[in-house]
Amino acid sequence: MTETSARQDWIDGISVMLPLIPGVLPFGMIAGVAASEAGLDAWAGIGQSMIVFAGASQIAALQLIADAAPALVVILTGLVINLRFAMYGASLAPHFERRSVWMRALIAHLMTDQSYALSVTRFNMRPEMSKAARLRFYMGNASLMWVVWAAATAAGYFLGNSIPPDWSMDFFVPLSFIALLVPSIRETPMAAAALTGGVVVALAWTLPFNMGLFAAAVCGVAAGYLADRHFSQHRKEPN
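In numbering that gives the first Met the number 0, the protein residues as written are 0 to 238.
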């Protein structure tokens with residue numbers, strides 16, 4: 000392997016993430032605004048994006064803090080929303096086996112919906128990639144997302160009050176997730192989880208402390224699990 004080919008793996012990872020950045024910028028700025036409204040100072044408001052780096056659950060937790068929600072509600076909401084990363088980690092584990100504990104921890108910390116989807120898609124399309132090349136590709140796209148998220152959070156924290164309300168930046172958040180989610184729905188359990196979560200959050204959005212989001216996450220995961228079990232049993236049954 001040459002130095003040029005190794006560098007190209009990083010460049011490839013960065014380049015596939017670039018088209019998704021415009022959708023992430025307003026999302027990160029919303030996180031910065033939420034941190035400011037929750038009463039966090041600049042160090043905590045921006046630092047939590049660099050340390051927590053959790054997107055939807057981060058914003059939900061900040062909104063709950065601003066609403067003076069009980070600590071248990073804040074913690075459970077964050078945990079439930081982030082349950083999907085346990086599944087992401089199980090899916091990516093075979094590609095990064097035999098790495099050190101610290102490297103696996105870094106991979107887990109940098110994982111986002113975008114980095115997972117882009118990496119798994121590339122790995123499936125190019126099974127000939129070496130494990131080292133896969134790691135460089137992943138780190139390229141994941142580290143770019145981390146930098147952009149932190150910068151966008153800082154911008155939102157300091158500039159949030161100067162953004163006209165009629166810009167409706169929060170509209171970009173569901174759009175960025177829809178653009179990432181829809182192409183990845185290829186199996187019935189995934190469709191069941193997405194549909195159930197969407198219906199529940201639409202029906203329960205008026206619940207206090209963002210509990211509608213909590214309920215949608217739980218119901219979506221449950222629907223996907225039950226659908227997967229149902230179809231797995233049918234596949235095992237003899238004809």
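Idealized CB from N, CA, C, for every residue including glycine.
Under 8 Å Cβ to Cβ from residue i, same chain only, skipping five residues before and after it: list those, please.
| i | result |
| --- | --- |
| Val147 | Ile20, Val23, Leu24, Gly27 |
| Leu194 | Ala222 |
Determine the DSSP secondary structure at residue i, reduced to helix, strand or coil.
| i | result |
| --- | --- |
| Phe136 | helix |
| Met128 | coil |
| Arg121 | helix |
| Ile69 | The sequence given here has Pro at residue 69, not Ile. Three-state DSSP puts Pro69 in coil, outside helix and strand. |
| Phe205 | Residue 205 is actually Thr in this sequence, not Phe. Coil. |
| Val15 | helix |
| Arg83 | helix |
| Leu194 | helix |
| Phe213 | helix |
| Ser114 | helix |
| Gly54 | coil |
| Arg6 | helix |
| Leu39 | coil |
| Ser99 | coil |
Considering only C-alpha positions, which residue in the set the options is nearest to residue i?
| i | options | result |
| --- | --- | --- |
| Thr187 | Lys130, Trp145, Gly223, Pro207 | Gly223 |
| Phe213 | Gly77, Ile64, Ile29 | Gly77 |
| Ile29 | Val200, Val199, Trp204, Tyr156 | Tyr156 |
| Val15 | Ser4, Ala53, Val119, Val32 | Val119 |
| Gly44 | Pro69, Leu225, Ser35 | Ser35 |
| Leu189 | Pro207, Gly219, Phe84 | It is Met, not Leu, that sits at residue 189 in the sequence shown. Minimum Cα distance to Met189 is reached at Gly219. |
| Tyr287 | Lys130, Ile74, Met86 | Here the chain covers residues 0 to 238 and nothing more, so residue 287 does not appear. |
| Leu39 | Thr205, Ser90, Ile64 | Ile64 |
| Met102 | Ser4, Arg228, Tyr137 | Tyr137 |
| Leu37 | Pro18, Ala68, Phe84 | The amino acid at residue 37 is misidentified as Leu; the sequence shows Ala. Ala37 has its Cα closest to that of Ala68, out of Pro18, Ala68, Phe84. |
Tell me which same chain residues have a C-beta within less than 6 Å of the C-beta of residue i, skipping the five on either side of it?
| i | result |
| --- | --- |
| Ala149 | Ser48, Met49 |
| Ile13 | Gly139, Leu143 |
| Ala215 | Gly196, Val199, Val200 |
| Ser56 | Gly77, Ile80, Asn81 |
| Thr152 | Gly27, Ala30, Gly31, Ile45, Ser48 |
| Leu117 | Val15, Asn140 |
| Pro207 | none |
| Gly211 | Val200, Ala203, Trp204 |
Starting from the C-beta of residue i, find all residues in its chain whose C-beta is less than 7 Å away, skip the five residues before and the five after it, and write them out in chain order.
| i | result |
| --- | --- |
| Ala221 | none |
| Ser142 | Leu109 |
| Phe52 | His108, Trp145, Trp148 |
| Ala192 | Gly219, Val220, Ala222, Gly223 |
Of all the CB atoms in chain B, is at least one closer than 8 Å to the CB of residue i?
| i | result |
| --- | --- |
| Asn81 | This model lacks chain B altogether; it includes just one protein chain. |
Could you tell me if the beta carbon of residue i falls within a distance shorter than 7 Å of some heavy atom in the ligand ADP?
| i | result |
| --- | --- |
| Phe84 | The ligand content of the structure shown is nil, which means the ligand ADP is not present either. |
Three CB pairs or more closer than 8 Å across the stretch 5 to 12 and the stretch 98 to 113
In this structure the stretch 5 to 12 does not lie against the stretch 98 to 113, because fewer than three pairs of beta carbons, one per stretch, are closer than 8 Å.
The stretch 86 to 95 in contact with the stretch 120 to 140 per 3-pair CB rule at 8 Å
Because the criterion of three Cβ pairs below 8 Å is met, the stretch 86 to 95 and the stretch 120 to 140 touch.
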